[in-house]
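For the sequence shown, position 201 matches number 201 in the working numbering, and the numbering has no gaps at all.
Cβ coordinates follow ideal geometry from the N, Cα and C atoms, glycine included.
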Amino acid sequence: MASTLMTPGVYLEEKNAFPSSAVAVETAVPAFIGYTSMAERNGKSLVGKPTRITSFAEYIECFGEGFKSKFTIEDSKVGDDESFMLDRAPKKVAFKAGNIAYMFNSIRLFYANGGGPCYILSVGLYEGADSLEIKPGDFEVLDILEKEFEPTLVVIPDAIALGAECYGIYQKVLAHCAKMQSRFAILDVVKQEPTDETAEVINNFREAIGINFLNYGAAYYPWLNTSIVQNDEIDFENVDADLTKLLPEVDAKNIYAKYNEDSAKLEAGSADLLTAKKHLHQGLKAVSPTYSNILSEIRTKLNQLPPSGAMAGIYTQVDNSRGVWKAPANVSVNMVNAPAVNISSEGQQSLNVDVMAGKSINVIRSFPGIGCLVWGGRTLDGNSQDWRYINVRRTLIMIEQSIKLAARAYVFEPNDANTWVTVKSMIENFLINLWKQGALAGAAPEVAFDVQIGLGSTMTPTDILDGKMLITVKVALVRPAEFIVITFQQQMQQS
Numbered sequence: 001m002a003s004t005l006m007t008p009g010v011y012l013e014e015k016n017a018f019p020s021s022a023v024a025v026e027t028a029v030p031a032f033i034g035y036t037s038m039a040e041r042n043g044k045s046l047v048g049k050p051t052r053i054t055s056f057a058e059y060i061e062c063f064g065e066g067f068k069s070k071f072t073i074e075d076s077k078v079g080d081d082e083s084f085m086l087d088r089a090p091k092k093v094a095f096k097a098g099n100i101a102y103m104f105n106s107i108r109l110f111y112a113n114g115g116g117p118c119y120i121l122s123v124g125l126y127e128g129a130d131s132l133e134i135k136p137g138d139f140e141v142l143d144i145l146e147k148e149f150e151p152t153l154v155v156i157p158d159a160i161a162l163g164a165e166c167y168g169i170y171q172k173v174l175a176h177c178a179k180m181q182s183r184f185a186i187l188d189v190v191k192q193e194p195t196d197e198t199a200e201v202i203n204n205f206r207e208a209i210g211i212n213f214l215n216y217g218a219a220y221y222p223w224l225n226t227s228i229v230q231n232d233e234i235d236f237e238n239v240d241a242d243l244t245k246l247l248p249e250v251d252a253k254n255i256y257a258k259y260n261e262d263s264a265k266l267e268a269g270s271a272d273l274l275t276a277k278k279h280l281h282q283g284l285k286a287v288s289p290t291y292s293n294i295l296s297e298i299r300t301k302l303n304q305l306p307p308s309g310a311m312a313g314i315y316t317q318v319d320n321s322r323g324v325w326k327a328p329a330n331v332s333v334n335m336v337n338a339p340a341v342n343i344s345s346e347g348q349q350s351l352n353v354d355v356m357a358g359k360s361i362n363v364i365r366s367f368p369g370i371g372c373l374v375w376g377g378r379t380l381d382g383n384s385q386d387w388r389y390i391n392v393r394r395t396l397i398m399i400e401q402s403i404k405l406a407a408r409a410y411v412f413e414p415n416d417a418n419t420w421v422t423v424k425s426m427i428e429n430f431l432i433n434l435w436k437q438g439a440l441a442g443a444a445p446e447v448a449f450d451v452q453i454g455l456g457s458t459m460t461p462t463d464i465l466d467g468k469m470l471i472t473v474k475v476a477l478v479r480p481a482e483f484i485v486i487t488f489q490q491q492m493q494q495s
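Right under this line is the structure:
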């Protein structure tokens with residue numbers, strides 16, 4: 001309406017009748033940090049730049065293929081789980097130094113388990129390189145992620161290649177999540193070797209992870225034997241050895257020797273050389289069972305992956321189908337044949353409940369006739385009544401960030417009763433919708449949440465003079481039924 005009424009006439013004035021609405025923020029947008037083959041979009045470098053993608057095809061387009069890892073053939077002991085017979089001697093395959101990378105296959109596992117939009121933060125390139133040097137300093141990029149609002153999960157699959165040295169990086173990730181108050185970390189435990197004891201591996205993790213900000217992360221164990229890497233992705237170039245000396249079959253030696261002669265005359269990267277490599281691979285498979293066995297062992301090694309990528313996909317799947325308030329547990333893990341270590345119910349007790357410091361480790365277990373299930377839903381702060389469960393921590397993050405964004409519209413608004421009523425109505429409407437969806441516990445909205453704001457309730461006259469609008473929100477979050485106890489008792493015959 002006109003500010004001054006001086007001319008006779010009819011004036012129209014419109015007033016808002018309803019409060020602003022709060023909209024739930026996204027809850028499952030992981031940020032993957034690691035090494036990539038390339039990092040380029042439209043001719044511009046993406047190294048060190050968080051990049052949003054929505055599909056695995058888009059990842060390939062911007063960040064390329066996986067690292068071509070090479071393997072050595074080492075002596076083994078009879079009875080070793082990883083050994084195979086080569087020329088009557090027990091052998092095993094092992095990653096060549098500087099040839100371990102998990103980022104690419106973790107992204108594949110992420111999308112195989114229901115993944116969606118995510119951010120990729122490339123910390124280095126390996127395209128055309130014979131080795132990949134993973135440095136702890138390369139992961140000092142969390143300050144870059146602080147400029148991005150959307151990511152709600154942090155996953156660093158390549159860091160686990162550092163061994164126990166990665167736990168220092170994990171501490172910084174937890175501190176980053178606590179500082180942002182808008183994201184959650186999914187962590188891995190260092191791979192258990194055949195000679196290691198589960199208790200020792202878990203104790204090393206618990207001692208190295210510290211005690212700070214534990215409610216902003218969850219750890220998963222053990223590693224997974226997946227089927228992500230297919231047979232046609234592995235060939236003789238993955239073997240770091242002279243095949244003329246390694247393979248016992250005479251025909252295989254002759255085929256490889258002939259290839260060496262012919263390839264020396266061909267230009268590197270030419271179509272003829274690619275064809276020659278393909279024919280060599282097919283010829284060796286046809287005449288050498290030993291060659292096929294070696295490739296099978298290499299594929300098994302490449303398919304042993306840390307679980308963080310799969311769990312990021314499961315978080316996304318559960319959030320989209322059930323809601324962030326549903327615990328990401330008792331869910332099947334896709335593209336997984338079996339856990340690398342079989343954990344029994346008794347063996348899980350000390351992992352799920354840590355009486356010393358509460359550092360719970362969630363276990364992925366295999367059940368007969370069912371398959372691999374995520375059988376744990378606790379944060380690392382497992383002894384806390386407030387933050388014991390992953391879904392409780394992540395649900396409150398969602399509520400906090402949603403209300404925070406909605407309340408920005410009222411910054412510098414008059415700090416009076418009219419504004420207080422509007423803000424309270426906005427928050428209550430948002431929480432009522434969450435209660436209807438099952439995110440809050442209670443038979444009625446008034447017992448599921450409580451919103452308080454106003455002079456004499458949450459503020460004093462001094463607070464108003466200082467420009468403070470204080471709001472108190474209490475919510476009753478749903479918690480998972482982790483332990484279901486059914487009691488049976490006999491009774492006397494009644495008739």
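Item: Rounded straight-line distance, which links the Cα of Gly309 to that of Ile107; Value: 6 Å
Item: Outcome for Gln401 when other beta-carbon atoms lying within 10 angstroms are tallied against a minimum of 16; Value: buried
Item: Reduced DSSP secondary structure (H/G/I, E/B, other) of Thr496; Value: Outside the shown range of the chain, which is 1 to 495, sits residue 496, and nothing can be said about it.
Item: Top-ranked residue by Cα proximity to Pro136, from Asp143, Glu74, Gly168, Phe95; Value: Gly168
Item: Beta-carbon separation (whole angstroms), Val547 vs Ile364, contact threshold 8 Å; Value: Residue 547 lies beyond the residue range present for the chain, which begins at 1 and ends at 495; the question has no answer from this structure.
Item: Exposure label - Gln317; buried when at least 16 CB within 10 Å; Value: buried
Item: Ranges of the beta strand (DSSP E) found wholly within the segment 144-179, counting only runs of at least 3; Value: 153-155
Item: Own chain residues within Cβ distance below 8 Å of Ala448, not counting five before or after; Value: Leu431, Trp435, Leu440, Ala441, Gly442, Val475, Ala476
Item: Of the listed residues Leu5, Ala257, Glu200, nearest to Glu13 (C-alpha basis); Value: Leu5
Item: Beta strand (DSSP E) segment containing Asp512, residue limits; Value: Because residue 512 is not part of the residues shown, which for the chain are 1 to 495, the question remains open.
Item: Unbroken stretches of the beta strand (DSSP E), 3 residues or longer, contained in the segment 202-261; Value: 217-221, 224-226
Item: Contact test: Ser384 Cβ vs the ligand HEM heavy atom, cutoff 7 Å; Value: Of ligands this structure carries none, so the ligand HEM is not represented either.
Item: Sub-8 Å separation of Tyr221 and Val189 beta-carbons; Value: yes
Item: Three-way DSSP call (helix, strand, coil) for Ile100 in this model; Value: coil
Item: Inter-residue CB distance, Gly163 and Leu187 (contact presumed, cutoff 8 Å); Value: That pair is no contact at about 14 Å.
Item: 4 or more residues per run - each alpha helix (DSSP H) lying fully within the segment 47-92; Value: 56-63
Item: Exposed unless 16 or more other CB atoms sit within 10 angstroms - verdict on Pro30; Value: buried
Item: From Glu165, Gly115, Tyr111, Val155, residue whose alpha carbon lies closest to that of Ile134; Value: Glu165
Item: Residues of its chain near Thr458, where Cβ-Cβ distance is below 6 Å and the 5 sequence neighbours each way are ignored; Value: Gln452, Leu470, Thr472
Item: From Ala444, Lys301, Asn215, residue whose alpha carbon lies closest to that of Arg388; Value: Asn215
Item: Reference Pro157; option with closest CA among Leu465, Pro339, Leu305; Value: Leu305
Item: Sequence-distant residues of the same chain with beta carbon closer than 7 Å to Gly98, five excluded per side; Value: Ser131, Leu132, Glu133
Item: Chain-order list of residues whose beta-carbon lies under 8 Å from that of Ser288 (same chain, five-residue window excluded); Value: Leu247, Glu249, Asp251, Ala252
Item: N-terminal and C-terminal residue of the alpha helix (DSSP H) that Tyr291 is part of; Value: 289-302
Item: DSSP three-state assignment for Gln192, whether helix, strand or coil; Value: coil
Item: Helix, strand or coil at Thr27 [DSSP, three-state]; Value: coil
Item: Proximal residues to Ser45 (C-beta, below 8 Å), its chain only, five neighbours per side dropped; Value: Ala39
Item: Cα-Cα separation between Ala407 and Asp381, rounded to whole angstroms; Value: 30 Å
Item: Best match in Ala57, Asp319, Asn320, Asn105 for proximity to Leu224 [C-alpha to C-alpha]; Value: Asn105
Item: Straight-line Cα distance separating Gly34 from Asn512; Value: Outside the shown range of the chain, which is 1 to 495, sits residue 512, and nothing can be said about it.
Item: Integer Cβ distance of Lys285 from Ser296, believed to fall under 8 Å; Value: The pair is not a contact, with the Cβ atoms about 11 Å apart (cut-off 8 Å).
Item: For Asn362 and Asn330, the rounded distance between their alpha carbons; Value: 11 Å
Item: Ile314 vs Pro328 beta-carbon contact at 8 Å; Value: yes
Item: Start-to-end residues for the alpha helix (DSSP H) that takes in Ala448; Value: 445-448
Item: Length of the line joining the Cα atoms of Met398 and Asn212; Value: 22 Å
Item: As assigned by DSSP and simplified to three states, the class of Leu459; Value: Before going on, a small fix: residue 459 reads as Met here, not Leu. Strand at Met459.
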